[in-house]
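Accompanying notes for the structure given below.
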Amino acid sequence: ELVFPSLSYRTGPYAANGIPFADGYADYFTLLNERDGGIGGEPIRMIECETGYNTEKGVECYESTKGEGALVYQPLSTGITYQLIPKATADGIPVHSMGYGRTSAKDGSVFKNIFNYPANYWDGASVAVKHLLDVNSGSLEGKKIALVYHNSAYGKEPIRTLEELSKKHGFELSLLPVDHPGQEQKSQWLQIRREKPDNVIMYGWGVMNQVAIQEAANIRYPMDQFMGIWWSGSENDVRPAGEKANGYKALTFHNVGDDFPVFDDIQKYVVGTGKAAGAGDQIGTALYNRGLYAAMLAAEAAKTAQGIHNTKAITPAQMRDGMEALEITEAKMTDLGLPGFGPEFSVSCENHGGNGLVAVSQWDAAADSWSLITGYEQSDQDVLTPLIAEDASAFAAESGITPGC
Amino acid sequence: MKDQADGYVTADGRQIGPVVMEMKNITLRFGGVEAIKDISLDIREGEIRAIIGPNGAGKSSMLNVISGFYVPQDGEVWYKGSRRAAMKPFQVAQQGIARTFQNIALFEGMSVLDNVMTGRLTHMETGLFWQSLWKGKAEREETANREVAEKIIDFLEIQAIRKTPVSRLSYGLKKRVELARALAAEPSILLLDEPMAGMNVEEKEDMSRFILDVNDEFGTTIVLIEHDMGVVMDLSDRVVVMDYGKKIGDGTPHEVRNNQDVIDAYLGVAHDD
Amino acid sequence: MLYRESGDFSSSYAEDSQTFPIKFDRYRYYFVMFIAIAVIPFLINDYWVNSLFLPFLIYAIAAIGLNILVGYCGQVSLGTGGFMAVGAYACYKLMTSFPDVSMLVHVLLSGLVTAAVGVLFGLPSLRIKGFYLAVATLAAQFFLVWLFNRVPWFYNYSASGQISAPERTFFGINITGANTQAWATYLFCLMFVIFSAYVARNLTRGSVGRKWMAIRDMDIAAEIIGVNPLRAKLTAFAISSFFIGISGALFFAIYLGAVEVGEVFGIQKSFLVLFMIIIGGLGSIFGSFAGAAFLVLLPVVLKIVGVDWLGWPTDIVAHLQLVIVGGLIIVFLIAEPHGLAQLWRVAKEKLRLWPFPH
Amino acid sequence: MLDATPTPDAQVETLLEVNNIEVIYNSVILVLKGVSLKVPKGGITALLGGNGAGKTTTLKAVSNLLHSERGEVTKGSIKYRNEPVHSSDPAEMVKRGVVQVMEGRHCFEHLTIEENLLTGAYTRSDGKAAIARDLEMVYDYFPRLRERRKSQAGYTSGGEQQMCAIGRALMSRPETILLDEPSMGLAPQLVEQIFEIVKSVNENEGVTFLLAEQNTNVALRFAHYGYILESGRVVMDGPAADLRENQDVKEFYLGMSDEGRKSFRDVRSYRRRKRWLS
Amino acid sequence: MPEQLAFALEVTANGLMAGVLYALVALGFVLIYKASGIFNYAQGVMALFAALTLAGIIDGQVPFSHLINAVLGTDVHHFGWHVPAFLAILLTMVVMIALAYAVQRLVFRHLVGQEPIILFMATIGLAYFLEGVGDLMWGSDIKSMDVGLPQGINAWIDETTFEAFGYGFFIDNLDIVASIIAALLVIGLVMFAQYTKQGRAMRAVADDHQAALSVGVSLNFIWILVWSLAGFVALVAGIMWGTKSGVQFSLSLIALKALPVLMLGGFTSIPGAIVGGLIIGVGEKLFEFLIGAPFLGGATENWFAYMLALIFLVFRPQGLFGEKIIERV
Ligand SMILES: Nc1ncnc2c1ncn2[C@@H]1O[C@H](COP(=O)(O)OP(=O)(O)OP(=O)(O)O)[C@@H](O)[C@H]1O
Ligand SMILES: Nc1ncnc2c1ncn2[C@@H]1O[C@H](COP(=O)(O)OP(=O)(O)OP(=O)(O)O)[C@@H](O)[C@H]1O
Ligand SMILES: [Mg+2]
Ligand SMILES: [Mg+2]
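In order, the protein sequence lines correspond to chains F, H, Y, U and P. Everything in the first sequence is counted per this note's numbering, starting at 1 for the first residue and increasing by one. Everything in the second sequence is counted per this note's numbering, starting at 1 for the first residue and increasing by one. Everything in the third sequence is counted per this note's numbering, starting at 1 for the first residue and increasing by one. Everything in the fourth sequence is counted per this note's numbering, starting at 1 for the first residue and increasing by one. Everything in the fifth sequence is counted per this note's numbering, starting at 1 for the first residue and increasing by one.
Given below as structure tokens:
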């Protein structure tokens, strides 16, 4: 039996985002159980635990599930991830903070049990700038870019990176924090209206996203110059603005839509058998796909672990090895019925963060769907690598870890 | 005989001292309402001084001026021979002036005992640190003051309700507890605002007894507002009569009772007995 | 008769003013202490400690602190989250600046720092009263959170803005960081709980406590009988914040280990602790424990019943949980408006009369 | 000053009947231990007794205000016009014509005196003019209130508030008024005056009164019938005139002994109180 | 510099508009506080609940579908019809009145005469309860609120100001609608409170439950009335804020924006809510514009609103228009 806890949040302020992710995560495991009888023949047991996006409940969830033989945690909240970094390391259970959490966890020589492949916040910022470079024929000299961010640890993540990049590419960066929860953003958007930045990048979360897109529409800010990180890129964020959100861009590290063979299987084995986690109406949404993708990566890592250790019922430590040896190739994904669903990447002891490949998607309001408008592009490693090394070694020093592989 | 500055001895042998507190030309206004108009009065040590007058005459306001809660627009308060500077009510209390209130102002959330103990607060001074340890200094002080409080509780015959929360008491018992709280402060001047409202004769007799005893035993000066003429006439040494904020009479009960202004404004008819 | 009060006579005032004048109560209390100190540490594991005992103990300290301010002194405060954050950040700065000093000192100092901040934000209470004050303390809440988020010095310029507790020991035993033993963190917190309850109990039964209660019940009358309102209110703010600071420090260093200020010490925390003391009983130390237990345990129990036993979907359980907690609060209130502590007291009164109805 | 009114004749209908009620506060504190009384229509009935005897509690049981104090009538019955009123709420009682003047004034502090009085007319539906007329009537009874009509009740003196509370009750044009210590805090001539008002309202408008009063002297002078309560039980009752002549009542409630009224100063020795019970 | 001035003016104008939106929420608090002395913590959740219900009805959602499906194993979600906005608003109002009735019957009737803090506590319970019920009933996904209110920049103001200042002001149409509605609400409610017998009774109840009962004011009726009114105000606020940000849990947090407004305007004053809202709106926006963003790193609005209110309170402890706190002995 392979135990995968799912720390979901189907209640609270972020429920709307938590539900599709949790559904996708659950449905993929159900699919594996129904279709393949688990992973490598070993059945999967998924334990769902409601966190409400609340750190304390997250701790409770972790403590109550870890004894069940949990293989990997997907904490789904920056706060909970930070909790778990030391705890899970001490307990020898790997954590996969996919596209969130502590960016420098990419440095596997320091964060032995923490993985954040395939991309992190800094990759996001870098690829966003790269995309802008592409759109502006290679130069951002003299351009103005505004960052609208959730005034919390998460929102502040990209600032360092963007500052470095602004030095490198010569654009002017202005910072516009939005306080939680972000229902009232008049000040920020009036400022944008005055300063007329050429582009706006957003690191938002929850209601802040909807309001920002709405306000951008209200001041008639061109949507195609407005780009959000992947947590600002779900259907929930754009739909309340209706038509006016058309053209809004968001970064992503996995594909969108339900036009993949695996979804036929999901319909057949999961929805059809009445075992779908939710109402079934979330399938193919951005966050559902992200949940599914996370489950897929976990399953693949488990497979890899089974291969390495030659056992079906793997332990968390073995799972960790599997994650560290994970390699996602196009061939593999096609096999799984997910051709082109995510970037190709590989994980190693030094690099727990994949290759930093990120794509840009765009919202088509008329079609009510996202579509990828670029391929997966790699972030600017020249800039990011030293930043990550710096932060990781600071952490190592602070907590007395000797880095090494 | 009453003009002797150093005091005199009453008919029943009590020693009345010199003037301890003097209000000089007090005027108090609330917006348009002039509650007290240029009133002067003095209070002698050890006497029972009554203030009477029709409703809304400004009696309670006068007590409030004495206890520092209202600051008069005009006039001076002299206490123990020197002019009292502007003062917060708690500083007045610390000088040894305690009072009861017309609209009961007990601490409803506390027991009777605790209420009486609050009267002792001006006598307790152990610092936070020692109190947080309790054993030792704090406990000793508590016990010492508890003894005083218990004495007063016995005195006022409220032992039975000692641990009852005040909110559960009937009106009359609350009045008594309030008196206990004021007495517990062992004040040199005690201000009583209608202490006997809502009591029957028997209870008024008891109350009078307590007041007289306090006055006798501790030599406490008492300022008393009361509408029961019998009580006022029997207890007080001197009476001030107020009407519409003005002083219309001041003197012994006998003098006041026969003052025509007072009869017109307040008593209605010359009191029979 | 199950509960006897008669037969216990005090022969001295000191005896009468002890915490548990009734023998039966006293023995039960010793029994609880014994279990807490000498039995539980041997039984618990990580789950029990991290999901129940630590939050319960730490919230109990915060609740005691807030109860002093709200329950005893009547100054309604919604700044608890902010003050806990002060404690947490003070502790973090102290831990990282003086790694060799004992955690005990750090936690106590964090309390003192918080007390100072509390006094500062307590100043307006002289003028502002009731719910107005409650809302005014939100200014402290929002400002403090903003400040800790804004000024990098507080989080030692770390890239993420989070603070993480480095490993520290107490008498050579790890009590912070990842490698702690369940019993060690439990006992460390328990020590502060006992300390807080003891101090709070002593303060509230003496003259300071009476001053607070007088101010609470009728501040004008209190002032006229000789209570200096400024002093009384500010001491309440100071003592209350001291405990809240301690709880904040423990919350961060022992319980969570890593904290993001806006999320952990946000406005929700202020409300949560306030709810605890109202449910538990204002003006009661026991109530602080009862309220903390109620709001920490109930969700966990409901979750265990709903999800683990009945196997319902987690979200339905979570929603039902809100409905049930809300419903229970109302039911308790109607049964006894003055909180669990009062419910307990009335139950005792009834027991005393038992088997007669009254 | 002899105004003893004749006792109403026996045939007069009983308006309010309290039958052996027991009241418990907070589910534990037993306060009334079986109180029965009858209030005849058009009469003035006085409820006498020392502090804590249960007068207020009895009145509140009748007006159903007990619930909001967590008190409960657990035994016995209360009938008004022969209908049980035990479970109606206070507003319903007012509609039936029973209004209580609460002890301790309870004015609406933030409302002006005039607004206080008008709130008293809340249940009435006989038009603005009638209400205005009654307002004038109240002002005529209490000229002091007219002077202070625009002041917030919270800022008026204790006596003024007492007048306001009584005036407010009159404004509802009740059939029965439960008066709890109306004389408390009023100057002597006002006490007389209030009772004169009670009397005239009683005689001219036929309003029935049940009053709890500590000022036994006055109360017995104006009332027709009296009950004496002690520790939650009725210990004596009878026509007011009889009670006034009763030796015990004289001594303990009227403060008179055989030698006539004695001075408060002369009550030197502590006496054990006279108790009918215990 | 005139450009800076124009910006400041624009910020001020938008502050005023934001203030109106805060005031809409604050009004609900004021109503209930005025009529019962209850500080209604659940007001924000009521707005959420009203908005959820409205959105659910418009959408033809089956209430409690999630629960039903989980328990009965069915698969119902929608009735398959769409209710016109106007009718849906009426239906929602019926729900809110039913809620008011239930709240009165089941909760506050049993708590007459209790201290304010206890009543406050009861509203906390209510908030939890409603939040749970709202989620169970309508699900916790984000719903868009479309009752046909205009949104986006007002072109006329943009052009006019452009001609006048050389800089077109941004004013949101939704805000203009909100202002008109708020103005109507305030006028209506002030008339109600000041000139009707119920209005006076309401204030009497707030002063003293017992005394109000004793003169025959039916607390039941007054409270149901007031909670219904507050429910209506919550619905209006829910529509406005829901249109802005979609209907979702966070809607309940707008209560936090209303509190400083309430405090500044005075808990008992209906006009105070509006004036307080305007002051807070302008104050926080201007502070952010002039000081917060340039010097303090931004995001100062939340705490500044409270600080501003706090400073006002130090001078007027009852808020700008609140009833004076009577201090007498
Ligand atoms: N704080 C205040 N604000 C406004 N007016 C006040 C205030 N305090 C007292 N007054 C007014 O001053 C006058 C005197 O009031 P005070 O309470 O002193 O009367 P009193 O003599 O004690 O009357 P009573 O015998 O009825 O208690 C009254 O008309 C009262 O309304
Ligand atoms: N809310 C309450 N809770 C508990 N006990 C109460 C409550 N109200 C009154 N009592 C108790 O009930 C008894 C009778 O009180 P009640 O107020 O009826 O007396 P009363 O005859 O009106 O006295 P007074 O003349 O002092 O007003 C008292 O012993 C009192 O302590
Ligand atoms: Mg007076
Ligand atoms: Mg009474």
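The beta-carbon is built from N, C-alpha and C at its ideal position, and this holds for glycine as well.
For the segment 339–351 of chain Y, the set of positions with a beta-carbon nearer than 9 Å to some beta-carbon of chain U reads V346, E349 and K350 in chain order. Remark: the shortest separation between the CB of H/D193 and any heavy atom of ligand 3 falls under 7 Å.
The C-beta distance from H/T27 to H/G75 rounds to 6 Å, short enough to meet the 8 Å contact threshold. U/Y227 has its Cβ no nearer than 7 Å to any heavy atom of ligand 2. In chain order, L175 and P177 make up the part of chain F whose C-beta sits under 8 Å from the C-beta of P/G297. Put simply, of U/P182, U/P174 and U/I24 the residue whose alpha carbon is nearest the alpha carbon of U/S68 is U/I24. Shown in chain order are the members of the segment 299–326 of chain Y whose Cβ falls below 9 Å from a Cβ of chain P: W312, P313, D315, I316, A318, H319, L320, Q321, L322, V323, I324, V325 and G326. In the three-state scheme derived from DSSP, where H, G and I count as helix and E and B as strand, F/R194 is classed as helix. Taking non-hydrogen atoms of ligand 1 into account, the C-beta of Y/K93 is found less than 7 Å away from none of them. Collapsing the DSSP output to three states places U/E203 in a helix. The straight-line gap separating the alpha-carbon atoms of P/P84 and Y/L144 is approximately 46 Å. Rounded to the nearest angstrom, the Cβ distance from P/K143 to P/A88 is 12 Å, too far for a contact under 8 Å. Chain-ordered, the chain P residues with CB closer than 8 Å to the CB of U/Y155 read I326 and R328.
In the DSSP annotation of this structure, F/Y9 is not part of any beta strand (DSSP E), being labelled neither H nor E. Using a Cβ-Cβ cut-off of 8 Å, Y/T235 is close to L128 of chain H, given in chain order. With 16 or more other CB atoms across the displayed protein chains lying within 10 angstroms of its CB, Y/G209 is buried. Within chain Y, the residues S207, R210, K211, A214, I225, G226 and V227 have their CB atoms less than 8 Å from the CB of H/L121, given in chain order. DSSP places U/E83 in the strand class (E or B) of the three-state scheme. When secondary structure is reduced to three states using DSSP, U/S183 falls in the coil class, being assigned neither helix nor strand. U/L186 is positioned such that its CB atom lies no closer than 8 Å to that of U/G154.
From the listed residues F/I229, F/G69, F/L165 and F/A279, the smallest Cα separation to F/P5 is found for F/G69. Here H/R99 is buried. Its C-beta has 16 or more other C-beta atoms within 10 Å. For U/Y25, the shortest C-beta to heavy atom distance toward ligand 2 is below 7 Å. Using beta-carbon distances, P/H77 does not count as an interface residue toward chain U, since no partner is under 8 Å.
The C-beta distance from H/D237 to H/R49 rounds to 7 Å, short enough to meet the 8 Å contact threshold. Taken in chain order, the complete beta strand (DSSP E) segments of 3 or more residues contained in the segment 245–274 of chain P number zero; there are none. Taking a contact as a CB-CB distance under 8 Å, the pair Y/A88 and Y/A292 does not count as one, their CB atoms being some 18 Å apart. Shown here, U/S231 sits in coil according to DSSP, grouped into three states, outside any helix or strand. Collapsing the DSSP output to three states places H/M124 in coil. Judged by DSSP in its simplified three-state form, F/D364 adopts strand. For F/F395, the enclosing alpha helix (DSSP H) starts and ends at Q381 to S399. For the set Y/Q321, Y/V261 and Y/F242, the Cα lying nearest the Cα of Y/F195 is the one of Y/F242.
U/V138: member of the alpha helix (DSSP H) spanning G127 to Y141, first to last residue. When DSSP reads this structure, F/R45 sits in a beta bridge with F/V3.
Beta bridge pairing from DSSP links F/F345 with F/I328. Sorted by position in the chain, H/R168, H/L169, H/S170, H/Y171, H/G172, U/Y25, U/I29, U/V31, U/N51, U/G52, U/A53, U/G54, U/K55, U/T56, U/T57 and U/E69 make up the residues whose C-beta lies under 5 Å from a heavy atom of ligand 2.
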